[in-house]
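S.K.: Questions regarding the structure given below will be posed in turn.
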Amino acid sequence: MNKGRMKISSGFTLIELLVVIAIIAILIALLLPAVQQAREAARRSSCKNNMKQIGLAMHNYHSAHNTFPPGYITKTACNTTGVWPACNMGELGVYGWATFVLPFMDQAPLYNLLNTGSVTLDQNLANATVRQALQKPMTVFLCPSDPGPNLNDYESASDRYDFNVTDGTTVYQIARSNYVMVANAWDSTTPAVYRIQYGPAHGIGFANSNIRFRDITDGTSNTLLAGERAYIYKTANKVGGANVIGFSGSNNTQSSSYARKGNGLAAIGLTYNGINAIVGGEHDVRGFSSNHVGGAHFVFCDGSVHFLSENIDYKKGTVSVATHVQDINSTFQRLAVRDDGQVVGEF
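Letter by letter, the sequence shown follows residues 1 to 347 of full-length UniProt numbering.
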C-alpha cells in the first residue's frame, strides 16, 4: 500500500458557488413576470366568472319577478321638486340590489336571515348574530385582483361619500363588494339627487328601479348591467369599492343626510370619468375601475361578460344634457344607456 498517495476530495470553490447563485437569481428574475402574469390571468378569469354568476342571478331574478332587481330600495320616495333630499340617501336601512339576488346565488339562508320584507338594515345591524352574517365576505362579490379589506370602511375626506353603515347609534362596516349595477351615463347620481335638474335615469339599476327586458330598447347585448369598481386602484388610490348588501346613513337632519350623499354609490355606478379614471376627490367612487391591466369587466343585459378597455371611446357629458339621450356622443355612454336609440359601434 502506497501511503504517499492521499485522496483529495473535490468541491465548489467560492467563486463557482457565487456564479451558480447569480445564475439562479437571473432565472428567477426572468420567470417571475411570467408567474405573476399567470396568477393575474387566473384572478382575471375568476373575476369574469363572478360576473357571469351575477348576470345569471339577475336573469333568474327577472324570470321570477318579471323585472331586474332595483339598484337600491329607498323608504322615502324620490321627489320631483329639485330640493334635497330627493331620495334621502342618508336614510337608515337601505338594501341594495345584491340583497335581492342572494336566493339565486346559493345564499338563500342569508336572505331568509335578513328577512328584508319585515326587517330594515339598521334593525339587522343592531342584532349581533345578523350583523356577523352581514360582515362575512362572499367570494362571488370580490374581485381576486383587488387588495381591499373584507369589510368596507371607506369614507372620503369630504365626508360626502361614506360606505359605512349604522343602526342609528353605532357605525359598522359590512362586507365589501367590487361590483355595482349601472345606473346612468353622465356625471350625476340620477335620479337620486335633483330629479328636475338631472332628469330620469337611463341605466338598469337605480333608486327604486324596476327595469324589464322590454324597457331595454337598445338591445340587451348593447346595454351594460353591472361592472367592476376597485376598492384600491393600482395599490395606491383608494376608490371605495361597494357594499354587498346595501347602505345605511344618518337620518337626522338635512345637512347630515347631505353629508352622506354618496351612500347610494355603494350599490350603483355611473360612467362619470370613463374606466379606471383617477381624478382625485369624491367623484372617483362614482365610476368603474379594476386592478386588471387595461380595463374592467362588465356583464351585459344578455348575460355575456366583456372586458372593456380603459381607452374605450368616452366623452364626458354634463347634467345639462342628462335629459337628452340623443345627445350621447361616445361608445361608453351609449353602452350605459338602455334607450338612446343609437348605434353603439365597436367596443
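For each residue, glycine too, the CB sits at the ideal point set by N, CA and C.
Could you compute how far the alpha carbon of N60 sits from the alpha carbon of A38?
M.R.: Here residue 60 corresponds to residue number 60 of the sequence shown, with the count starting at 1. Here residue 38 corresponds to residue number 38 of the sequence shown, with the count starting at 1. C-alpha separation (whole angstroms): 33 Å.
S.K.: Since I believe G55 is in contact with Y72 (beta carbons under 8 Å), could you give me their beta-carbon distance rounded to a whole number of angstroms?
M.R.: Indexing the sequence shown from 1 puts residue 72 at position 72. Indexing the sequence shown from 1 puts residue 55 at position 55. Between G55 and Y72 the Cβ distance is about 19 Å, and since that is not below 8 Å, they are no contact.
S.K.: Does the Cβ-Cβ distance between T331 and G345 come in under 8 Å?
M.R.: One-based indexing of the sequence shown puts residue 331 at position 331. One-based indexing of the sequence shown puts residue 345 at position 345. In contact: T331 and G345 (Cβ atoms closer than 8 Å).
S.K.: For the alpha helix (DSSP H) containing F130, list its first residue and its last residue.
M.R.: What you label residue 130 is simply residue 130 of the sequence shown in a count that begins at 1. With the sequence shown as reference, residue 130 is identified as Val, and Phe is not the correct amino acid for it. Segment A128 to L134, the alpha helix (DSSP H) holding V130.
S.K.: What is the rounded straight-line gap between the Cα of L18 and the Cα of I24?
M.R.: What you label residue 18 is simply residue 18 of the sequence shown in a count that begins at 1. What you label residue 24 is simply residue 24 of the sequence shown in a count that begins at 1. Distance between the alpha carbons of L18 and I24: 10 Å.
S.K.: Name the DSSP beta bridge partners of D162, please?
M.R.: Start at 1 with the first residue of the sequence shown, and residue 162 comes out as number 162. Answer by DSSP bridge pairing, in chain order: E155.
S.K.: Under the rule that 16 or more other beta-carbon atoms within 10 Å means buried, what is G219, buried or exposed?
M.R.: For the purposes of this step, residue 219 is identified with residue 219 of the sequence shown, where counting begins at 1. Burial call: exposed.
S.K.: State yes or no: is the C-beta of N152 within less than 8 Å of the C-beta of I174?
M.R.: Here residue 152 refers to the residue found at position 152 when the sequence shown is read from its first residue. Here residue 174 refers to the residue found at position 174 when the sequence shown is read from its first residue. Result yes, Cβ atoms of N152 and I174 sit closer than 8 Å.
S.K.: Tell me which same chain residues have a C-beta within less than 6 Å of the C-beta of N252, skipping the five on either side of it?
M.R.: Taking the sequence shown and counting its residues from 1, the one referred to as residue 252 is at position 252. Low confidence applies to N252: its pLDDT is 34, below 50, so where it sits in the model is not reliable, and the reading given next is rough at best. Contacts found: none.
S.K.: Enumerate, from N- to C-terminal direction, the unbroken beta strand (DSSP E) stretches of 3 or more residues contained entirely within the segment 210-238.
M.R.: If we require 3 residues or more, the beta strand (DSSP E) runs fully inside the segment 210-238 come out as 224-228.
S.K.: Beta strand (DSSP E) containing A296: first to last residue?
M.R.: Here residue 296 refers to the residue found at position 296 when the sequence shown is read from its first residue. Run containing A296: G295 to F300, per the beta strand (DSSP E) assignment.
S.K.: In the DSSP assignment, find the beta strand (DSSP E) that holds A183 and state where it starts and stops.
M.R.: In the sequence shown, the residue the question calls residue 183 occupies position 183. A183 -> beta strand (DSSP E) spans Y179 to N184.
S.K.: What are the start and end residues of the alpha helix (DSSP H) that includes F332?
M.R.: The residue labelled residue 332 in the question sits at position 332 within the sequence shown. F332 -> alpha helix (DSSP H) spans T331 to A336.
S.K.: Per DSSP, which one or two residues make a beta bridge with I275?
M.R.: Residue 275 sits at position 275 when you count from the first residue of the sequence shown. Answer is F288.
S.K.: Which of the three DSSP states is assigned to Y314 in this structure?
M.R.: In the sequence shown, the residue the question calls residue 314 occupies position 314. In this structure, Y314 counts as coil in the three-state DSSP scheme.
S.K.: Taking V337 as the reference, which of G269, S289 and I232 has the closest Cα?
M.R.: What you label residue 337 is simply residue 337 of the sequence shown in a count that begins at 1. Closest option to V337, Cα to Cα, is G269.
S.K.: Decide if E16 is buried, meaning its Cβ has at least 16 other Cβ atoms within 10 Å, or exposed.
M.R.: Indexing the sequence shown from 1 puts residue 16 at position 16. Under this definition E16 is an exposed residue.
S.K.: Mapping the DSSP letters down to three states, classify residue 350 as helix, strand or coil.
M.R.: Any question about residue 350 goes unanswered here, given that the chain covers just 1 to 347.
S.K.: So, with DSSP's three-state summary, where would you put F68?
M.R.: Here residue 68 corresponds to residue number 68 of the sequence shown, with the count starting at 1. Here F68 sits in coil by DSSP.
S.K.: State the Cα-Cα distance for the pair R212 and V299, rounded to the nearest angstrom.
M.R.: Position 212 of the sequence shown holds residue 212. Position 299 of the sequence shown holds residue 299. Using only the alpha carbons, I get a separation of about 16 Å.
S.K.: Rounded to a whole number of angstroms, what is the C-alpha to C-alpha distance between T13 and I21?
M.R.: Against the sequence shown, residue 13 aligns to sequence position 13. Against the sequence shown, residue 21 aligns to sequence position 21. Answer to the nearest angstrom: the Cα atoms are 13 Å apart.
S.K.: The beta strand (DSSP E) that contains F100, what's its start and end?
M.R.: For the purposes of this step, residue 100 is identified with residue 100 of the sequence shown, where counting begins at 1. That residue, F100, is in no beta strand (DSSP E); its alpha helix (DSSP H) goes W97 to F100.
S.K.: Do you know offhand how far M105's Cα is from K52's?
M.R.: The residue you call residue 105 lines up with position 105 of the sequence shown. The residue you call residue 52 lines up with position 52 of the sequence shown. The straight-line gap from Cα to Cα measures roughly 11 Å.
S.K.: Per DSSP, what kind of secondary structure is I26 in: helix, strand or coil?
M.R.: Looking up residue 26 in the sequence shown gives position 26. Residue state, collapsed to three classes: helix.
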